[in-house]
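Our numbering applies: residue 2 is where the sequence shown begins, and numbers increase by one. We put the CB at the ideal spot given by N, CA and C, even for glycine. A short worksheet on the structure shown next.
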Amino acid sequence: MTTSRLIAVASATDRGLASPIGAHFGRSPYFTLLRVEGDAVVGVTVVANPAAEHHLPGQIPTFVRDQGAEIVLAGGIGRRALTRFEQLGVDVASGATGTVQDAVTAWLEGRLRGATPCRKSLEHARAGHHPHHDHPRRP
Numbered sequence: 002m003t004t005s006r007l008i009a010v011a012s013a014t015d016r017g018l019a020s021p022i023g024a025h026f027g028r029s030p031y032f033t034l035l036r037v038e039g040d041a042v043v044g045v046t047v048v049a050n051p052a053a054e055h056h057l058p059g060q061i062p063t064f065v066r067d068q069g070a071e072i073v074l075a076g077g078i079g080r081r082a083l084t085r086f087e088q089l090g091v092d093v094a095s096g097a098t099g100t101v102q103d104a105v106t107a108w109l110e111g112r113l114r115g116a117t118p119c120r121k122s123l124e125h126a127r128a129g130h131h132p133h134h135d136h137p138r139r140p
């Protein structure tokens with residue numbers, strides 16, 4: 002019996018396996034959901050990221066998990082999203098490049114494993130902000 006898994010890949014477009022990887026998980030406009038059995042992709046669905054323009058790091062992991070994802074592949078991912086996925090029991094691999102097909106192939110071959118918060122996330126935690134969005138200053 003072959004194990005079936007659902008992998009969510011942060012995607013820059015809605016082109017499925019041909020989509021470029023989204024550079025930052027929370028800002029990716031789409032998630033490509035891949036049903037994988039053994040080492041074969043047997044189903045592809047693309048869903049829009051409902052919070053792509055609002056960058057809601059704590060809510061997006063819950064949305065992705067609610068789609069059924071057990072594994073997430075991304076170019077970069079922030080510390081809060083990574084922590085939330087850990088709490089939800091979802092495995093994450095960051096550092097994906099190329100297309101969704103490239104990322105899932107790398108993951109299936111064991112070349113894409115583990116996740117570290119992106120540098121912007123670390124700067125955000127230390128300085129309270131980073132270039133892709135602003136926060137109101139606290140008194």
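Would you kindly work out how many angstroms separate the C-alpha atoms of residue i and residue j, rounded to a whole number?
i	j	result
valine 65	glutamate 110	23 angstroms
alanine 13	isoleucine 22	6 angstroms
leucine 18	leucine 7	14 angstroms
glutamine 60	arginine 85	9 angstroms
valine 37	alanine 104	13 angstroms
alanine 128	alanine 94	For alanine 128, the predicted model reports a pLDDT of 41, less than 50, meaning its position is unreliable; a value from the coordinates is still stated below. Taking the straight line joining both Cα atoms gives about 25 angstroms.
threonine 106	histidine 55	30 angstroms
threonine 63	serine 5	21 angstroms
valine 102	asparagine 50	Correcting the residue identity first, residue 102 is glutamine in this sequence and not valine. Roughly 19 angstroms between the two C-alpha positions.
tryptophan 108	leucine 57	26 angstroms
Is it the case that the Cβ atoms of residue i and residue j are separated by a distance below 8 angstroms?
i	j	result
threonine 33	valine 10	yes
threonine 100	serine 20	yes
leucine 113	leucine 89	no
glutamate 71	valine 48	no
cysteine 119	glycine 69	no
serine 29	alanine 53	yes
glycine 1	alanine 97	Because the chain here runs from 2 to 140, residue 1 falls outside it and cannot be looked at.
glycine 39	alanine 82	no
What three-state label does DSSP hand residue i in the structure shown?
i	result
threonine 106	helix
Using a 10 Å radius around the Cβ and a threshold of 16 neighbouring Cβ atoms, would you call residue i buried or exposed?
i	result
valine 43	exposed
histidine 25	buried
What are the complete beta strand (DSSP E) segments, minimum 3 residues, inside the region 6-93? 31-38, 41-49 and 72-75
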